[in-house]
Amino acid sequence: MNLSKNYKFWFCTGSQDLYGDECLRNVAEHSRIIVDELNKSGVLPFEVVLKPTLITNELIRKTFNEANIDEDCAGVIVWCHTFSPAKSWILGLQEYRKPLLHLHTQFNEEIPYDSIDMDFMNENQSAHGDREWGHMVTRMGIERKVVVGHWTSQAVREKIASWMRTAIGIVESSHVRVMRVADNMRNVAVTEGDKVEAQLKFGWEVDAYPVNEIAEAVGAVSESDTNALVDEYYDKYEILLEGRDADEFKRHVAVQAQIEIGFERFLEEKNYQAIVTHFGDLGALKQLPGLAIQRLMEKGYGFGAEGDWKVAAMVRIMKLMSAGMKDAKGTSMLEDYTYNLVPGKEGILQAHMLEICPTIAEGPISIKCQPLSMGDREDPARLVFTSKEGPGIATSLIDLGDRFRLIINSVDCKKVEKPMPKLPVATAFWTPQPDFATGCEAWILAGGAHHTAFSYDVTAEQMGDWAAAMGIEAVYIDNNTNIRDFKKDLMLGNVVFGK
Numbered sequence: 021m022n023l024s025k026n027y028k029f030w031f032c033t034g035s036q037d038l039y040g041d042e043c044l045r046n047v048a049e050h051s052r053i054i055v056d057e058l059n060k061s062g063v064l065p066f067e068v069v070l071k072p073t074l075i076t077n078e079l080i081r082k083t084f085n086e087a088n089i090d091e092d093c094a095g096v097i098v099w100c101h102t103f104s105p106a107k108s109w110i111l112g113l114q115e116y117r118k119p120l121l122h123l124h125t126q127f128n129e130e131i132p133y134d135s136i137d138m139d140f141m142n143e144n145q146s147a148h149g150d151r152e153w154g155h156m157v158t159r160m161g162i163e164r165k166v167v168v169g170h171w172t173s174q175a176v177r178e179k180i181a182s183w184m185r186t187a188i189g190i191v192e193s194s195h196v197r198v199m200r201v202a203d204n205m206r207n208v209a210v211t212e213g214d215k216v217e218a219q220l221k222f223g224w225e226v227d228a229y230p231v232n233e234i235a236e237a238v239g240a241v242s243e244s245d246t247n248a249l250v251d252e253y254y255d256k257y258e259i260l261l262e263g264r265d266a267d268e269f270k271r272h273v274a275v276q277a278q279i280e281i282g283f284e285r286f287l288e289e290k291n292y293q294a295i296v297t298h299f300g301d302l303g304a305l306k307q308l309p310g311l312a313i314q315r316l317m318e319k320g321y322g323f324g325a326e327g328d329w330k331v332a333a334m335v336r337i338m339k340l341m342s343a344g345m346k347d348a349k350g351t352s353m354l355e356d357y358t359y360n361l362v363p364g365k366e367g368i369l370q371a372h373m374l375e376i377c378p379t380i381a382e383g384p385i386s387i388k389c390q391p392l393s394m395g396d397r398e399d400p401a402r403l404v405f406t407s408k409e410g411p412g413i414a415t416s417l418i419d420l421g422d423r424f425r426l427i428i429n430s431v432d433c434k435k436v437e438k439p440m441p442k443l444p445v446a447t448a449f450w451t452p453q454p455d456f457a458t459g460c461e462a463w464i465l466a467g468g469a470h471h472t473a474f475s476y477d478v479t480a481e482q483m484g485d486w487a488a489a490m491g492i493e494a495v496y497i498d499n500n501t502n503i504r505d506f507k508k509d510l511m512l513g514n515v516v517f518g519k
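Just so you know, this note's numbering puts the end of the sequence shown at 519, numbered straight through with nothing missing.
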């Protein structure tokens with residue numbers, strides 16, 4: 021699956037013709053230099069494309085509408101070099117539909133104390149040109165990212181780069197299609213949700229298929245294709261027979277290989293980027309998809325267990341946002357399973373029956389074949405590993421009935437204190453910020469689910485910006501959280517976002 025598209029971001033400079041042609045030539049040249057240097061910096065994950073200086077209502081409106089229809093354009097960066105009367109931007113901004121970043125900078129870093137005159141002052145007016153523009157965007161209630169500082173600053177460039185990844189998550193959200201294999205787990209609340217409202221808010225298409233329709237696609241996979249993938253498994257992963265007959269073990273692994281190929285072909289044919297399964301409705305499938313789902317997630321598909329389509333879509337979006345990131349540590353669906361409550365060693369053991377993405381693995385990845393008490397099928401093969409250490413975020417998108425809320429918890433991933441030789445699943449272990457008790461209390465007060473879309477690479481700020489662009493509430497649980505203020509934040513969210 022191709023996670024990275026050839027997206028570009030347009031750079032639009034605001035000005036006006038009050039100060040003559042020479043000033044406009046300088047504005048255009050300064051903008052060209054900024055764009056060239058941003059592209060040469062190696063910091064930005066996507067190319068910035070310079071557009072002509074915007075000085076009239078007609079050109080501004082035309083440019084923004086061209087951005088709307090250009091499939092390669094993922095967002096617009098605006099900078100007002102001189103004073104740009106903001107009423108000229110109204111029509112263009114009203115019709116613009118993509119992510120927007122306001123770069124509040126100026127060409128020169130330092131005031132030229134010895135030579136500054138009124139010509140320089142008139143030409144270099146970002147200090148109030150950007151305020152004029154910002155006033156209008158605020159008055160119009162348009163969500164945007166504001167980045168402040170000199171364009172040569174590493175911090176500024178990194179902020180732009182980070183926003184670009186958020187913008188990809190915003191643009192790609194409308195392309196996410198989730199395939200539900202059967203329904204969600206009976207009587208479970210958090211895996212439910214309003215799929216119509218989700219399509220209105222996020223652009224997601226969430227469709228259901230009978231499990232045996234996809235089982236037919238699995239059954240159609242040839243023995244030669246299956247065996248070729250099994251050979252790949254055996255080359256790539258450690259094989260832990262643990263007393264099982266080698267031939268019998270390999271037959272179980274082959275079932276997962278056939279499921280992986282069949283599922284992926286079905287997803288590609290029907291143009292879906294995320295999938296959910298349910299252990300209680302497996303139809304003609306011989307095993308609960310385990311290793312197969314882990315491999316599909318590794319390729320970039322979103323996944324949610326027990327029919328949890330919200331998590332599946334969020335995993336897909338977060339994988340898109342982190343695609344191509346240097347030294348990426350991984351993104352996966354995870355589930356809060358059990359606690360360690362020893363004082364000073366508190367944490368949550370994350371796992372699932374089978375389906376954890378190997379992108380988060382550290383160290384060897386093994387294939388095991390073990391019985392599963394759920395699903396009423398033969399013993400499924402699965403990848404087993406432990407996760408990396410370091411900071412990450414766990415997110416939970418919940419449906420509160422009248423609105424969606426995105427809960428974003430910063431967590432610190434750690435190694436478990438002792439090995440767990442009898443636990444045949446992939447695991448992660450983390451302590452939620454600011455501490456175990458406060459983090460868990462805040463999560464429960466906010467209504468967070470037990471399934472999460474987790475990432476080492478996507479930041480809390482990026483996900484908060486994504487939520488803001490989608491027009492939904494975001495609540496943060498991190499080292500600044502205390503319960504008294506957190507309850508006030510939830511109350512404020514009820515006022516602002518409640519219907």
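Even glycine gets a Cβ: it sits at the ideal position worked out from N, Cα and C.
Can you check which of these residues, P452, V404, E67, is closest to P441 by C-alpha distance?
Numbered from its first residue, the sequence shown carries residue 441 at position 421. When each option's Cα is compared against that of P441, the closest is V404.
Pull up the CB-CB distance for C43 and E129, whole angstroms please, since I reckon it's below 8 angstroms.
Indexing the sequence shown from 1 puts residue 43 at position 23. Indexing the sequence shown from 1 puts residue 129 at position 109. Between E129 and C43 the Cβ distance is about 20 angstroms, and since that is not below 8 angstroms, they are no contact.
Counting along the chain, where does the beta strand (DSSP E) carrying T406 start and finish?
Looking up residue 406 in the sequence shown gives position 386. Element bounds for T406: 401-407.
Determine contact between the stretch 110-125 and the stretch 80-88, defined as no fewer than three beta-carbon pairs at a distance below 8 angstroms.
yes
Let me check understanding here. Comparing Cα to Cα, which of S244, I97, E178, I131 lies closest to M345?
For the purposes of this step, residue 345 is identified with residue 325 of the sequence shown, where counting begins at 1. Among S244, I97, E178, I131, the Cα nearest to that of M345 is on E178.
Assign S407 to buried or exposed, taking buried as 16 or more other Cβ atoms, counted over all protein chains shown, within 10 Å of its Cβ.
To locate residue 407, count along the sequence shown from 1; it is residue 387. S407 comes out buried.
Can you grab the Cα-Cα spacing for the pair E91 / C100, in whole Å?
Locating residue 91 in the sequence shown gives position 71, counting from the first residue. Locating residue 100 in the sequence shown gives position 80, counting from the first residue. Each residue's alpha carbon lies about 25 angstroms from the other.
Mark N204 as exposed unless 16 or more other C-beta atoms lie within 10 angstroms of its C-beta, in which case mark it buried.
On the sequence shown, residue 204 is found 184 positions in, with the first residue counted as 1. Counting of Cβ neighbours within 10 angstroms places N204 among the buried residues, the total reaching 16 or more.
Would you mind stating whether T33 and L74 have Cβ atoms separated by less than 8 angstroms?
On the sequence shown, position 13 is the one that residue 33 refers to. On the sequence shown, position 54 is the one that residue 74 refers to. Closer than 8 angstroms, so yes.
Could you spell out the range, first to last residue, of the alpha helix (DSSP H) harbouring S244?
Translated into the one-based positions of the sequence shown, residue 244 becomes position 224. That run of the alpha helix (DSSP H) goes 243-256.
Nearest to R200 by alpha carbon, out of D150, E318, S194, G327?
One-based indexing of the sequence shown puts residue 200 at position 180. Per the Cα distances, G327.
Tell me whether the beta-carbon of C389 lies closer than 8 angstroms to the beta-carbon of V273.
To locate residue 389, count along the sequence shown from 1; it is residue 369. To locate residue 273, count along the sequence shown from 1; it is residue 253. A contact, by the Cβ cut-off of 8 angstroms.
To which residues of the same chain is G467 closer than 6 angstroms at the C-beta, ignoring the five residues directly before and after it?
Position 447 of the sequence shown holds residue 467. I418, listed in sequence order.
Determine, using beta carbons only, whether A497 and W450 come nearer to each other than 8 angstroms.
Along the sequence shown, read from residue 1 onward, the residue named residue 497 stands at position 477. Along the sequence shown, read from residue 1 onward, the residue named residue 450 stands at position 430. The sequence given here places Ile at residue 497; Ala does not occur at that position. Not in contact: I497 and W450 (Cβ atoms no closer than 8 angstroms).
Below 8 angstroms, can you find three or more Cβ-Cβ pairs linking the stretch 353-360 to the stretch 239-255?
no
Just to confirm my understanding: we take E461, look at its own chain, exclude 5 residues before and 5 after, and list those with CB closer than 7 angstroms. What are they?
Here residue 461 corresponds to residue number 441 of the sequence shown, with the count starting at 1. I503.
Report all residues from its chain with a CB closer than 6 angstroms to the CB of D265; omit the five preceding and five following residues, and keep chain order.
For the purposes of this step, residue 265 is taken as the residue at position 245 of the sequence shown. Once the five neighbours on either side are set aside, D265 has no close Cβ partner at all.
Less than 6 angstroms between C-beta atoms, sequence neighbours within five positions excluded: which residues of the same chain meet that for F103?
Position 83 of the sequence shown, counted from the first residue, corresponds to residue 103. Excluding positions up to five away in sequence, the list reads Q145, G149.
Who pairs with N360 in a beta bridge, going by DSSP?
Position 340 of the sequence shown holds residue 360. According to DSSP, N360 bridges with G367.
Mind checking which residues open and close the alpha helix (DSSP H) that includes A333?
Translated into positions along the sequence shown, residue 333 becomes position 313. Following the DSSP letters along the chain, one finds A333 inside the alpha helix (DSSP H) bounded by residues 329-341.
Using only CA atoms, which one of I385, A489, I281, E268 lies nearest to E258?
The residue labelled residue 258 in the question sits at position 238 within the sequence shown. Checked all of I385, A489, I281, E268; the closest Cα to E258 is I385.
With three or more C-beta pairs closer than 8 angstroms as the rule, is the stretch 227-239 touching the stretch 332-347?
The answer is no - the stretch 227-239 does not touch the stretch 332-347, with fewer than three Cβ pairs under 8 angstroms.
Pull up the distance between the alpha-carbon of A218 and that of W224, whole angstroms please.
The count along the sequence shown starts at 1 and reaches residue 218 at position 198. The count along the sequence shown starts at 1 and reaches residue 224 at position 204. Near 6 angstroms, if we compare the C-alpha coordinates of W224 and A218.
Taking the straight line between their C-alpha atoms, what separation do you get for K508 and M353?
Mapped onto the sequence shown, residue 508 falls at position 488. Mapped onto the sequence shown, residue 353 falls at position 333. When rounded, the distance between both Cα atoms is 30 angstroms.
For Y476, which beta-bridge partners are listed by DSSP?
As a position in the sequence shown, residue 476 is number 456, starting the count at 1. Y476 is not bridged to any residue.
Tell me where the beta strand (DSSP E) around V445 begins and ends.
For the purposes of this step, residue 445 is taken as the residue at position 425 of the sequence shown. No beta strand (DSSP E) holds V445; DSSP gives it neither H nor E.
Helix, strand or coil for C460 per DSSP?
Here residue 460 refers to the residue found at position 440 when the sequence shown is read from its first residue. It is helical.
Roughly how many angstroms separate the alpha carbons of L287 and P439, rounded to a whole number?
Within the sequence shown, numbered from 1, the residue matching residue 287 stands at position 267. Within the sequence shown, numbered from 1, the residue matching residue 439 stands at position 419. About 37 angstroms.
For F323 and H471, I'd like the C-alpha separation in whole angstroms.
Within the sequence shown, the letter at position 303 stands for residue 323. Within the sequence shown, the letter at position 451 stands for residue 471. Straight-line Cα distance between these residues: approximately 11 angstroms.
Kindly indicate which three-state DSSP category W109 falls into: helix, strand or coil?
Taking the sequence shown and counting its residues from 1, one reaches residue 109 at position 89. Here W109 sits in helix by DSSP.
In chain order, what residues of the same chain have a beta carbon less than 6 angstroms from the beta carbon of Y39, not counting five sequence neighbours either side?
One-based indexing of the sequence shown puts residue 39 at position 19. Counting only residues of its own chain and dropping the five nearest sequence neighbours on each side, Y39 has a CB closer than 6 angstroms to the CB of N142.
Does F140 pass the burial test, meaning 16 or more other C-beta atoms within 10 Å, or should it be called exposed?
If you number the sequence shown from 1, residue 140 lands on position 120. Looking at its Cβ environment, which holds fewer than 16 other Cβ atoms inside 10 Å, F140 is exposed.
Evaluate H50 with the Cβ neighbour count: other Cβ atoms within 10 Å of its Cβ, from every protein chain shown; 16 or more gives buried, anything less gives exposed.
If you number the sequence shown from 1, residue 50 lands on position 30. So H50 counts as buried.
Would you call the CB atoms of G95 and A187 closer than 8 angstroms?
Position 75 of the sequence shown, counted from the start, is the residue given in the question as residue 95. Position 167 of the sequence shown, counted from the start, is the residue given in the question as residue 187. Yes. Within cutoff.
Starting from the C-beta of A261, find all residues in its chain whose C-beta is less than 7 angstroms away, skip the five residues before and the five after it, and write them out in chain order.
On the sequence shown, residue 261 is found 241 positions in, with the first residue counted as 1. It is Leu, not Ala, that sits at residue 261 in the sequence shown. Answer for L261: F269, listed in chain order.
What residues match up with P411 in a beta bridge as DSSP calls it?
By 1-based counting over the sequence shown, the position of residue 411 is 391. P411 is bridged to D432.
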